[in-house]
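Undergrad: Sharing a structure with you now.
Chains as they are written, first to last, in the numbering used here: chain Y, 21 to 443; chain U, 21 to 443.
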């Protein structure tokens with residue numbers, strides 16, 4: 021089955037918003053095993069939109085449109101799509117009730133223009149919208165399908181996930197099963213080498229690697245007659261990946277982030293954590309705190325940006341700063357020591373580096389970053405050289421700090437409890 | 021003049037990367053006053069790509085392609101685009117020299133396959149690439165223009181800005197001048213109301229508002245026969261916007277961010293700053309530290325996530341926490357007081373809120389956030405209610421904290437130095 025996507029909106033043509041809906045729908049279609057050869061962006065213009073829909077229907081089985089379902093005169097997607105299918109728009113009582121309830125919930129009266137949103141092409145399936153006013157539409161004619169979704173991602177995503185995917189799965193003869201294996205602390209080329217057979221292999225199961233900052237994700241996909249058969253095929257491949265990448269693999273769950281894996285590891289082992297950040301300036305703390313439930317292990321964090329702050333807050337010695345400079349292994353070690361001694365945390369992560377654009381020298385160039393982690397007093401400090409602008413260098417530093425934290429906790433327990441780390 | 025963009029790459033069709041090139045090029049074309057009605061994404065497939073280029077050339081004057089200029093067999097954009105124009109590919113000595121120098125600079129020998137990148141359509145203009153191996157191409161035939169750009173944004177953006185824009189400006193009979201006015205601390209609807217004449221007005225100068233988290237940006241654009249004439253037209257409009265929005269306007273420079281405006285204000289007035297963050301967990305510090313040169317005013321920051329950290333680090337009283345709860349005006353006031361008394365900073369910003377998904381109650385729902393700022397001891401604490409997920413609530417909190425900091429500094433100086441704040 022072939023699908024293609026059309027995004028309707030002048031704001032996309034003007035570059036006012038990034039088309040994240042395109043990325044989301046592309047990923048979801050790929051997971052369903054539905055091929056997609058084109059994506060089109062077009063403005064709120066009837067003639068041009070109609071041309072795009074007709075072209076798309078001539079070369080694909082399914083056309084998914086997003087945007088242009090609002091209540092104003094500019095919103096013409098539904099009218100145009102219905103016209104292409106030769107379908108009449110009729111008022112739909114349940115849509116009208118949904119709309120009235122939506123406005124009542126906000127203590128507002130429904131504006132007259134919103135009644136337009138309750139007009140539905142005759143014979144179409146309504147996709148209810150719990151997060152906005154525009155209902156979605158699923159309509160079929162002569163073996164072709166048009167799916168109309170609202171533009172705002174907070175409305176489009178749940179509607180697609182909860183209502184469209186089940187409908188598309190029914191259209192598919194085969195079942196696609198896909199698992200995301202996430203690894204960290206290993207380079208993309210190293211992963212590619214270790215898994216070369218699996219990645220290039222043209223077997224039933226495909227393994228596609230994606231490089232992320234500090235991480236490599238592997239999408240493992242197969243299609244089969246039933247979910248059970250697909251899972252049976254995928255299982256040994258996941259096992260092989262795990263055996264080849266070892267504990268670099270931190271999850272096989274799509275929605276587990278690296279910071280969540282780190283926080284889970286700390287929580288499972290009852291380890292409190294503190295952050296002592298210079299160039300990352302609070303970003304490590306911020307990423308850890310993005311994990312709900314972090315409060316049982318994260319109590320406090322410190323941004324020691326100036327030399328004085330490094331001395332006063334975590335007791336870095338003036339002598340060390342003078343002799344080695346703030347961006348040095350020695351200073352990061354003292355930041356770690358101060359973090360555990362003064363701040364009484366089991367795990368301390370500390371970072372000092374030169375994020376640029378100024379401040380670099382030949383000996384200590386922009387991008388030089390020292391990252392350290394101590395677990396119950398055992399310290400590790402590593403030297404890194406990152407590239408890119410200030411933002412990119414800081415982002416890379418945060419990712420590597422999380423990787424190092426995970427590695428240090430795993431190794432500490434590997435040595436000190438005969439490998440009995442709780443994961 | 022009408023342009024359209026085509027993005028070539030299977031990774032876009034699979035959703036592996038977000039199409040930020042589309043956004044960038046759309047913005048730049050709009051700034052140049054070049055209309056754009058379509059954007060297309062297509063895979064690395066010769067037949068389909070050729071069809072897309074032909075369709076685009078039939079309805080637009082300029083077709084900009086990005087991606088597919090690499091050295092592998094999969095990269096077919098240049099070959100296909102040249103074929104459509106009936107142009108032969110010939111080896112280009114200066115391109116070859118650039119490539120050899122690029123690899124020599126990395127102490128690497130150039131792989132054989134990269135010679136393909138030095139093949140240039142006969143009669144085309146080469147766009148040199150200082151950031152990668154693929155040269156860009158600018159070629160014209162029968163009044164139509166094709167522009168080929170590399171896919172990686174770090175290569176595409178400087179090439180477009182430095183080499184393509186001057187070429188496109190030559191094609192334009194008129195000059196477009198565009199200024200971005202950025203305002204904060206005012207809602208989009210308030211801006212729309214105050215500027216309704218300018219926004220709906222169909223005069224020579226257009227004013228288009230864009231809502232950002234905590235901010236409203238206004239793009240003011242006009243076209244004229246010369247740059248001087250355009251600027252003469254724009255000037256009174258900018259003046260009118262400033263007079264209607266007052267000091268909510270923080271810059272008229274495209275590349276000045278809100279955090280930069282705040283840091284500049286602190287630097288100009290010699291005010292040191294510290295952060296005392298609970299639910300934002302280091303994000304305010306991180307945004308301030310994203311501004312190069314912040315070190316003269318930002319020395320240290322604190323993430324006081326637990327109640328104990330609030331007590332130990334900034335001296336919030338146990339009694340206050342027990343009586344009012346951590347998310348309260350009273351606690352934020354004590355965080356501010358502790359920030360200035362213990363941490364000796366002129367300006368303190370403090371945040372405590374419920375970012376969710378858990379922890380909300382009927383009285384204190386998820387999204388309730390108190391943000392405070394003190395300037396030389398004068399405190400302001402405000403109550404906010406944000407919506408969205410944990411990430412969104414934290415992002416909104418950070419934006420509003422920056423807005424509040426700016427407001428408090430301006431007001432402090434307004435009262436205490438007869439309005440002589442340095443901006």
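The beta carbon of each residue, even a glycine, is placed where N, CA and C say it ideally should be.
1. Give me the DSSP bridge partner(s) of residue 141 of chain U.
2. When the distance is taken between beta carbons, is residue 341 of chain U closer than 8 Å to residue 353 of chain U?
3. Examine chain Y for any beta-carbon lying closer than 8 Å to the beta-carbon of residue 449 of chain U, and answer yes or no.
4. Just the chain U side, please: which residues come within less than 8 Å of residue 321 of chain Y by C-beta, in chain order?
5. Based on the DSSP secondary-structure assignment, which residues constitute the bridge partners of residue 294 of chain Y?
6. Given that residue 234 of chain Y touches chain U, what residues does it touch there, using C-beta distances under 8 Å?
7. Can you tell me the Cα-Cα spacing of residue 393 of chain U and residue 421 of chain U, whole angstroms?
8. Give, in chain order, every unbroken run of the beta strand (DSSP E) that is at least 3 residues long and sits entirely within the stretch 54-88 of chain Y.
9. Do we get a CB-CB distance below 8 Å when we pair residue 411 of chain Y with the residues of chain U?
10. Could you work out which residues of chain Y lie near residue 389 of chain U, taking near to mean beta carbons separated by less than 9 Å?
11. Just to make sure I have the definition right: I need the residues of chain Y whose C-beta is within less than 8 Å of the C-beta of residue 346 of chain U. Which are they?
12. Give me the chain U residues within the contact set of residue 377 of chain Y, using Cβ-Cβ distance strictly less than 8 Å, ordered along the chain.
13. Measure the alpha-carbon distance for residue 266 of chain Y versus residue 55 of chain U and round it to whole angstroms.
14. Inspect the beta-carbon positions of residue 300 of chain U and residue 405 of chain U and report whether they are closer than 8 Å.
15. Say whether chain Y places a C-beta atom closer than 8 Å to the C-beta of residue 63 of chain U.
16. Rounded to whole angstroms, what is the Cα-Cα separation between residue 270 of chain Y and residue 206 of chain Y?
17. Could you tell me the distance, in whole angstroms, from the CA atom of residue 351 of chain Y to the CA atom of residue 97 of chain U?
18. Taking only the alpha-carbon atoms, compute the straight-line gap between residue 136 of chain U and residue 70 of chain U and give it to the nearest angstrom.
19. Among Y/133, Y/157, Y/427 and Y/273, which one has its Cα closest to the Cα of residue 120 of chain Y?
20. Cβ atoms of residue 318 of chain U and residue 293 of chain U: under 8 Å apart, would you say?
21. So, residue 166 of chain U versus residue 53 of chain U, is the Cβ gap smaller than 8 Å?
22. Which value, in whole angstroms, describes the spacing of the CA atoms of residue 4 of chain Y and residue 286 of chain U?
23. Going by other Cβ atoms of all chains shown within 10 Å of its Cβ, with 16 needed for buried, is residue 209 of chain U buried or exposed?
24. When you check each C-beta in the stretch 178-199 of chain Y against every C-beta of chain U, which residues fall closer than 7 Å?
25. Spell out whether any CB of chain Y is found under 8 Å from the CB atom of residue 291 of chain U.
26. Just checking: is the beta-carbon of residue 381 of chain U within a distance shorter than 8 Å of some beta-carbon in chain Y?
27. If the criterion is Cβ atoms closer than 8 Å, does the pair residue 246 of chain U and residue 195 of chain U meet it?
28. So is residue 331 of chain Y in contact with chain C if we call contact Cβ pairs under 8 Å?
29. Where does residue 129 of chain U fall in DSSP's three states?
30. Is DSSP giving residue 360 of chain Y helix, strand or coil here?
31. So does the stretch 171-178 of chain U actually touch the stretch 149-158 of chain U, counting three or more Cβ pairs closer than 8 Å?
32. Might you give, ordered along the chain, the residues of its own chain that have their beta carbon closer than 7 Å to the beta carbon of residue 347 of chain Y, omitting 5 neighbours on each side?
33. So what's residue 204 of chain Y in DSSP terms, helix, strand or just coil?
34. If you draw a straight line from the alpha carbon of residue 339 of chain Y to that of residue 326 of chain Y, how long is it in whole angstroms?
35. Can you look up residue 147 of chain U in the DSSP assignment and give me helix, strand or coil?
36. Would you call the CB atoms of residue 320 of chain Y and residue 363 of chain Y closer than 8 Å?
TA: This is what the structure gives:
1. U/109
2. no
3. For residue 449 of chain U there is no data in the structure shown, the boundaries of chain U being 21 and 443.
4. 301, 302, 322, 323 and 325
5. Y/320 and Y/368
6. Neighbours of residue 234 of chain Y on chain U: none; closest Cβ ~17 Å, over 8 Å.
7. 8 Å
8. 55-62 and 82-86
9. Interface residue, yes.
10. Residues of chain Y passing the Cβ test: none, with the nearest at roughly 14 Å.
11. Within chain Y, no residue comes near residue 346 of chain U; the closest Cβ sits about 11 Å away, beyond 8 Å.
12. The answer, in chain order, is 312.
13. 53 Å
14. Cβ atoms of residue 300 of chain U and residue 405 of chain U: not closer than 8 Å.
15. So, interface residue.
16. 12 Å
17. 51 Å
18. 20 Å
19. Y/133
20. Cβ atoms of residue 293 of chain U and residue 318 of chain U: closer than 8 Å.
21. no
22. Summary: the structure shown does not reach residue 4 of chain Y, with chain Y confined to residues 21 through 443, and so no result is reported for it.
23. exposed
24. none
25. At a cut-off of 8 Å between beta carbons, residue 291 of chain U makes no contact with chain Y.
26. Contact with chain Y is absent for residue 381 of chain U, since none of that chain's Cβ atoms lies less than 8 Å from the residue's Cβ.
27. yes
28. The structure shown has no chain C; the protein chains it does contain are Y and U.
29. coil
30. helix
31. yes
32. 372, 373, 374, 384, 388 and 390
33. strand
34. Their backbone Cα atoms lie some 15 Å apart in a straight line.
35. strand
36. yes
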